[in-house]
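K.L.:
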Amino acid sequence: MDNDAARHELINALALVQEQFAELAAVEDARAALSASATRADGTVTVTVNADGVVTRTAVDEAYLDDHDLTDLGWHITAAAQEAARDVESKVAELLAPLAQRREEMPSLSDIVDGAPDIRDLLSPVVPARHHDGGEEPDEYPTVRSVR
Numbered sequence: 001m002d003n004d005a006a007r008h009e010l011i012n013a014l015a016l017v018q019e020q021f022a023e024l025a026a027v028e029d030a031r032a033a034l035s036a037s038a039t040r041a042d043g044t045v046t047v048t049v050n051a052d053g054v055v056t057r058t059a060v061d062e063a064y065l066d067d068h069d070l071t072d073l074g075w076h077i078t079a080a081a082q083e084a085a086r087d088v089e090s091k092v093a094e095l096l097a098p099l100a101q102r103r104e105e106m107p108s109l110s111d112i113v114d115g116a117p118d119i120r121d122l123l124s125p126v127v128p129a130r131h132h133d134g135g136e137e138p139d140e141y142p143t144v145r146s147v148r
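The numbers in the sequence shown follow UniProt numbering, run straight up by one, and end at 148.
#1: With burial defined as no fewer than 16 other Cβ atoms inside 10 Å of the residue's Cβ, what is the status of T71: buried or exposed?
#2: Give me the Cβ distance between T56 and T46, rounded to the nearest whole Å; I'm assuming they're in contact under 8 angstroms.
#3: Beta-carbon within less than 7 angstroms of V127's beta-carbon, same chain only, minus the 5 sequence neighbours each way: which residues are those?
#4: Kindly give me the distance between the Cβ atoms of M106 and A13, rounded to whole angstroms, as I take these residues to be in contact under 8 angstroms.
#5: Looking at chain C, is there any beta carbon in it that lies within less than 8 angstroms of the beta carbon of A80?
#6: Which one or two residues does DSSP pair with A38 in a beta bridge?
#7: Assuming the contact rule is C-beta atoms closer than 8 angstroms, A38 and A80 should be a hit. Round their C-beta distance to whole Å, please.
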C-alpha cells in the first residue's frame with residue numbers, strides 16, 4: 001500500500017474511532033437512565049432495578065397478605081428482582097449492540113501501519129456481558145437476612 005492510500009485508510013480509521021467515542025458517551029448517558037421493573041404475587045410485589053441490576057425500589061401492596069403468605073414474600077421479592085435484572089441486562093445489550101457491531105467492522109490498524117496495535121483492542125466492550133447458562137439461578141444476588 002502506498003503512502004497516500006495508507007494515509008487515507010488511517011484518516012478513515014481515526015474518524016471511525018472518533019465517531020465511536022462520541023456515540024459511546026451518548027450510549028452511556030442512555031444506559032445510565034435505564035431501569036426495569038418486574039412484578040410477582042399477582043402484581044402485589046414490584047421491584048425496580050437500575051442499569052446495573054441494582055434494586056432501586058421495592059413495593060409491596062397492602063393487598064399482598066389477602067392472598068399470599070408473609071413467609072413467601074422474600075421469594076417473591078427475589079424472583080421479581082432477578083426478572084427485572086434480566087430485563088435491564090437485555091435492554092443494555094440492545095443499547096450496546098450497534099457499538100459492538102461498529103467495533104467489529106473497524107479495520108485493524110496493523111493492516112494500515114505495520115506493527116501498530118489493533119484499534120478494536122482500544123475500544124473494548126463498555127460493559128462485560130454476564131452469561132447465564134440457564135441451569136440454576138445465578139447466585140449473583142445477595143442473601144438478605146433480618147436480625148432480631
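Beta carbons: idealized from backbone N, C-alpha and C, even for Gly.
P.N.:
Answer, in terms of the structure:
#1: That one is exposed.
#2: Between T46 and T56 the Cβ distance is about 11 angstroms, and since that is not below 8 angstroms, they are no contact.
#3: With a pLDDT of 49 at V127, under the threshold of 50, the modelled position of that residue is not reliable, and the figure given next carries that caveat. Around V127: V92 and L96.
#4: Rounded to the nearest angstrom, the Cβ distance from M106 to A13 is 7 angstroms, consistent with a contact under 8 angstroms.
#5: Of the protein chains in this structure there is only one, and it is not chain C.
#6: Its beta-bridge partners are V47.
#7: About 4 angstroms; that satisfies the 8 angstroms criterion.
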